[in-house]
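A.B. asks:
Protein chains in written order, with the numbering used here: chain S, 71 to 509; chain F, 16 to 505.
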């Protein structure tokens with residue numbers, strides 16, 4: 071069969087895609103030294119480049135890049151593990167378990183994921199459909215999940231429906247009966263860490279015709295999701311929400327995504343009594359979409375402080391083993407994940423780390439104009455082509471593999487055989503004030 | 016309809032009406048700051064520097080010309096979508112002003128393109144007013160908008176001072192359901208002046224005794240004195256005009272007011288004991304007069320000269336200020352302006368966040384807090400510092416250095432205090448400068464609304480001293496990490 075001739079547009083895409091792939095590899099291998107102007111306190115150049123290596127190889131870098139902590143001078147970056155001496159590590163011959171259940175209640179569907187993570191909500195509009203597809207394929211390959219975010223459920227995700235969480239957020243964008251019915255997990259987003267109390271932002275430049283159609287809104291008009299849910303004033307109203315979803319889809323697990331206010335412990339208990347299976351607590355230091363700068367740093371507490379507060383209160387209330395706590399918003403590495411679990415989470419939700427695996431340099435230009443110049447957080451038809459979903463799925467899958475390897479290594483070095491044994495084990499952590507001075 | 020005046024709405028309280036036309040009827044006026052782009056007038060260094068190896072680029076071009084067989088579109092398709100390489104000779108003369116630091120060019124062409132942080136940009140501001148904060152103020156003054164960016168938070172985890180404090184949010188409570196900047200009304204009005212616990216009335220139902228003196232400002236922000244080194248008429252006139260248009264106050268030395276001949280109720284004269292014999296100012300009497308230190312004779316002189324004005328006492332945060340504060344409340348002062356230096360430090364070196372809390376608490380303990388107004392200044396240089404300072408106990412804040420940065424005054428050295436700070440001043444046009452300050456305050460007010468909206472609060476007066484809605488790094492760390500090996504209470 072005669073091969074179809076490529077158009078100039080296709081050749082242009084191919085030229086840049088190949089150059090980018092070569093660049094990701096070359097820079098992460100430090101062939102040209104350290105990448106100037108890359109990185110910040112939270113995601114240092116070392117962390118970004120080492121994530122690129124993990125996405126490329128499925129393993130941690132062996133070239134000296136610091137892949138465990140950043141340079142923020144606080145939180146996870148000040149915590150270390152109290153590893154045992156080598157002779158007390160769990161032998162490589164003995165398998166260690168990294169899976170966690172997503173339903174700890176006695177009733178309803180049992181779901182277990184082989185790694186203690188799933189992909190967080192990133193909406194259609196904030197990211198491209200190609201990125202959504204890449205995430206869904208990676209989730210399917212790893213028997214875990216990815217969340218639609220609040221921008222609707224593109225039809226192209228339907229083949230992966232068993233691994234896609236339908237998010238219902240305050241704007242109700244694209245929420246339809248069938249997208250609830252097909253979901254194994256339905257996630258109510260009450261708030262998000264990067265802009266707590268403010269609702270989602272999608273600026274007009276990115277609200278293309280396709281995005282507007284999906285969201286049933288007006289093209290090129292900025293969308294500021296309301297805050298909070300117009301139908302929820304209390305825990306009782308929240309229960310009404312859950313009942314509504316379970317009427318439409320009785321088999322679905324329910325996740326409640328909240329931010330981290332002073333009373334996050336009470337919010338957690340309220341969510342449990344309303345019937346949630348999963349509580350996702352979202353700290354302020356993550357986030358992938360547009361957010362006011364003032365909200366990122368100043369509103370609601372960092373996730374490192376919220377996790378133990380929630381965990382201890384649920385233990386005190388005697389309900390800790392009936393609800394799954396997933397931590398998000400500032401989880402960058404496998405080491406962050408292990409520390410979050412040691413502080414009391416069951417598992418973690420990743421967002422930014424997946425985008426970094428796909429080439430994000432964290433330049434913070436996602437929200438304006440054509441969006442991400444790397445084709446990640448964009449709705450521009452030309453830029454979208456820079457990421458092939460298959461390539462993307464492989465990169466994210468490799469990152470997952472590397473995370474699993476690291477978690478297994480951490481468990482062995484702590485003398486544990488199951489990630490579930492790590493939960494709440496703050497006695498296995500140490501606080502390293504020396505790292506404060508790195509920032 | 017042109018020329019037709021809207022009739023007064025009798026359902027609207029008189030207090031919410033404003034005469035926009037001196038001889039016309041009162042019309043509804045909702046406080047709003049008009050923003051308008053006000054681009055920089057002085058050179059501002061670009062964020063990044065872009066260096067392209069000419070030989071490397073030439074080789075790359077030749078290679079592509081051959082590879083793509085002279086296809087012009089393919090060969091000239093460049094990675095940058097921001098125009099850095101779109102000048103007449105492309106990458107041979109890159110335009111770093113347009114660079115946003117995405118690094119796509121460097122990723123695609125690692126052998127001949129480099130992007131660096133511009134070291135000139137890192138020299139902006141000083142050790143307290145960091146380049147990042149200068150950038151934020153510049154953006155706000157240019158556009159009047161809230162800085163919004165993607166990709167999450169990039170800074171340090173916490174820190175000392177304001178950085179070690181977080182405000183609360185509510186998952187389900189919201190002032191109203193209609194969005195912050197639309198129909199939702201969150202009040203930023205504050206009261207300045209006397210607030211007795213109760214009023215007494217005579218047999219005719221009229222207030223007996225003196226009527227409490229006070230006034231309201233639509234913003235919990237006023238302008239403090241310019242630095243001693245800045246006597247430029249143009250700067251002072253911008254401060255005066257901006258304060259007037261923003262319906263807030265500006266504090267100026269009495270002597271400077273007299274020299275420049277500026278007048279208006281919104282100008283607060285700062286008086287010293289040396290001014291005692293010459294307190295007169297032309298025009299309308301001021302709403303408030305600030306005493307630069309406690310002096311009973313001066314206080315009485317001010318009361319005599321400006322019977323309608325609220326006397327305010329300027330006090331430096333420092334050793335013994337708490338006792339002085341209580342003593343002056345007893346002496347009859349009801350408005351205090353508590354100041355730290357430009358880096359937010361008291362004369363003892365304490366940070367303003369802690370000293371504000373102490374001032375608030377001592378008045379609460381003495382059961383006098385609701386009788387007085389606390390204005391605070393020094394070290395409040397970012398939008399988030401305003402709600403944080405109010406939560407710590409202020410009624411309203413005063414600004415100094417952010418106003419100067421917004422007007423593109425460059426800090427000559429470390430600018431820690433009013434008496435020694437030196438600035439390089441650009442040409443300041445009145446209209447441009449006024450718009451820059453209006454833009455800055457519009458942005459800061461909108462950010463205050465964002466914070467209050469997230470907390471579910473409808474008015475800034477309820478934010479004052481709401482320490483239960485704040486979180487401090489020390490406390491959170493102790494709660495989360497106590498018991499972890501190596502953690503010592505900070």
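Backbone N, C-alpha and C fix where the C-beta goes; we use that ideal spot for every residue, glycine too.
When the Cα atoms are used, what is the spatial distance from residue 300 of chain F to residue 250 of chain F?
C.D. replies: 23 Å
A.B. asks: With 8 Å as the threshold, decide whether the Cβ of residue 404 of chain F is near any Cβ in chain S.
C.D. replies: For residue 404 of chain F, no CB of chain S lies under 8 Å from its own CB, so it is not counted at the interface with that chain.
A.B. asks: Do residue 12 of chain F and residue 236 of chain F have their CB atoms nearer than 8 Å?
C.D. replies: Absent from the structure is residue 12 of chain F, since the part of chain F shown begins at 16 and ends at 505.
A.B. asks: May I have the straight-line CA-CA distance separating residue 503 of chain S from residue 502 of chain F, to the nearest angstrom?
C.D. replies: Residue 503 of chain S and residue 502 of chain F: Cα-Cα distance of roughly 8 Å.
A.B. asks: Given that a residue counts as buried once 16 or more other Cβ atoms are within 10 Å of its Cβ, and exposed if not, what is residue 226 of chain F?
C.D. replies: exposed
A.B. asks: What residue does the alpha helix (DSSP H) around residue 459 of chain F start on, and which one ends it?
C.D. replies: First-last of the alpha helix (DSSP H) with residue 459 of chain F: 445-470.
A.B. asks: In three-state terms, what does DSSP make of residue 181 of chain F?
C.D. replies: DSSP, read as helix, strand or coil, puts residue 181 of chain F in strand.
A.B. asks: Suppose you measure from the CA of residue 324 of chain F to the CA of residue 484 of chain F; what does that come to, to the nearest Å?
C.D. replies: 34 Å
A.B. asks: Between residue 361 of chain F and residue 185 of chain F, what straight-line distance do the alpha-carbon atoms span, to the nearest angstrom?
C.D. replies: 34 Å
A.B. asks: For residue 261 of chain F and residue 453 of chain F, what's the separation of their Cα atoms in angstroms?
C.D. replies: When rounded, the distance between both Cα atoms is 7 Å.
A.B. asks: Three or more beta-carbon pairs under 8 Å between the region 207-217 of chain F and the region 285-295 of chain S, yes or no?
C.D. replies: no
A.B. asks: How should residue 164 of chain S be labelled, buried or exposed, when 16 other C-beta atoms within 10 angstroms of its C-beta is the threshold for buried?
C.D. replies: exposed
A.B. asks: With residue 187 of chain F and residue 298 of chain S assumed to form a contact (beta carbons below 8 Å), what rounded beta-carbon distance in angstroms separates them?
C.D. replies: 5 Å
A.B. asks: Could you check if residue 12 of chain F is buried or exposed, using at least 16 other CB atoms within 10 Å of its CB as the buried criterion?
C.D. replies: With chain F covering 16 to 505 only, the question about residue 12 of chain F has no answer from this structure.
A.B. asks: May I ask you to report which of helix, strand or coil DSSP gives residue 199 of chain S?
C.D. replies: DSSP places residue 199 of chain S in helix when its eight states are reduced to three.
A.B. asks: Taking residue 77 of chain S as the query, report the chain F residues whose CB atoms sit under 7 Å from its CB, ordered along the chain.
C.D. replies: The premise fails here: residue 77 of chain S is roughly 10 Å from chain F at the closest Cβ pair, so nothing lies under 7 Å.
A.B. asks: Would the beta-carbon of residue 108 of chain F be found less than 7 Å away from any heavy atom of the ligand HEM?
C.D. replies: Here there are no bound small molecules, and the ligand HEM is not part of this structure.
A.B. asks: Based on the DSSP output, what are the partners of residue 131 of chain F in its beta bridges?
C.D. replies: F/64
A.B. asks: At a Cβ threshold of 8 Å, is residue 169 of chain F touching chain S?
C.D. replies: yes
A.B. asks: Suppose you measure from the CA of residue 37 of chain F to the CA of residue 44 of chain F; what does that come to, to the nearest Å?
C.D. replies: Unreliable placement is indicated for residue 37 of chain F, whose pLDDT of 46 sits below 50; the coordinate value is still reported in the next sentence. Taking the straight line from one Cα to the other gives about 14 Å.
A.B. asks: Taking C-alpha atoms, which residue in S/471, S/80, S/231, S/197 lies nearest to residue 322 of chain S?
C.D. replies: By alpha-carbon distance to residue 322 of chain S, the top candidate from S/471, S/80, S/231, S/197 is S/231.
A.B. asks: Does the CB of residue 464 of chain S have a neighbour CB from chain F at under 8 Å?
C.D. replies: no
A.B. asks: With respect to the beta strand (DSSP E) encompassing residue 169 of chain S, which residues constitute its N-terminal and C-terminal limits?
C.D. replies: Going by DSSP, residue 169 of chain S is part of no beta strand (DSSP E) at all; its letter is neither H nor E.
A.B. asks: How do the region 151-163 of chain F and the region 371-384 of chain F stand: do at least 3 beta-carbon pairs fall below 8 Å, yes or no?
C.D. replies: no
A.B. asks: Mind checking if residue 436 of chain S is an interface residue toward chain F, Cβ cutoff 8 Å exclusive?
C.D. replies: yes
A.B. asks: Count the other CB atoms within 10 Å of the CB of residue 141 of chain S; is the residue buried (16 or more) or exposed (fewer)?
C.D. replies: With 16 or more neighbouring CB atoms inside 10 Å of its own CB, residue 141 of chain S falls in the buried class.
A.B. asks: Please tell me whether residue 410 of chain S and residue 397 of chain S are closer than 8 Å, where the distance is taken between their beta carbons.
C.D. replies: yes
A.B. asks: Can you check which of these residues, S/168, S/256, S/262, S/223, is closest to residue 314 of chain S by C-alpha distance?
C.D. replies: Out of S/168, S/256, S/262, S/223, S/256 has the C-alpha closest to the C-alpha of residue 314 of chain S.
A.B. asks: Residue 130 of chain F versus chain S: which residues are under 7 Å apart at the beta carbon?
C.D. replies: 106, 107
A.B. asks: At the 8 Å Cβ level, is residue 243 of chain S part of the contact set with chain F, yes or no?
C.D. replies: Not one chain F Cβ lies under 8 Å of residue 243 of chain S.
A.B. asks: Identify which residue in S/284, S/500, S/310, S/479 has its Cα closest to the Cα of residue 158 of chain S.
C.D. replies: By alpha-carbon distance to residue 158 of chain S, the top candidate from S/284, S/500, S/310, S/479 is S/479.
A.B. asks: If distances are taken between C-alpha atoms only, which option among F/234, F/258, F/259, F/126 comes closest to residue 69 of chain F?
C.D. replies: F/126
A.B. asks: Are the region 487-497 of chain S and the region 453-460 of chain S touching, with three or more C-beta to C-beta distances below 8 Å?
C.D. replies: Using a C-beta cut-off of 8 Å, the region 487-497 of chain S makes no contact with the region 453-460 of chain S, since fewer than three inter-stretch Cβ pairs fall below that distance.
A.B. asks: Would you mind working out which of F/277, F/275, F/282, F/315 sits nearest residue 292 of chain F, comparing C-alpha positions?
C.D. replies: F/315
A.B. asks: Please identify the residue among F/139, F/258, F/395, F/169 whose C-alpha is closest to the C-alpha of residue 450 of chain F.
C.D. replies: Of all alpha-carbon atoms in F/139, F/258, F/395, F/169, the one lying nearest the alpha-carbon of residue 450 of chain F is that of F/258.
A.B. asks: For residue 148 of chain F, would you say it is in contact with chain S, using Cβ-to-Cβ distances shorter than 8 Å as the test?
C.D. replies: The beta carbon of residue 148 of chain F sits no closer than 8 Å to any beta carbon of chain S.
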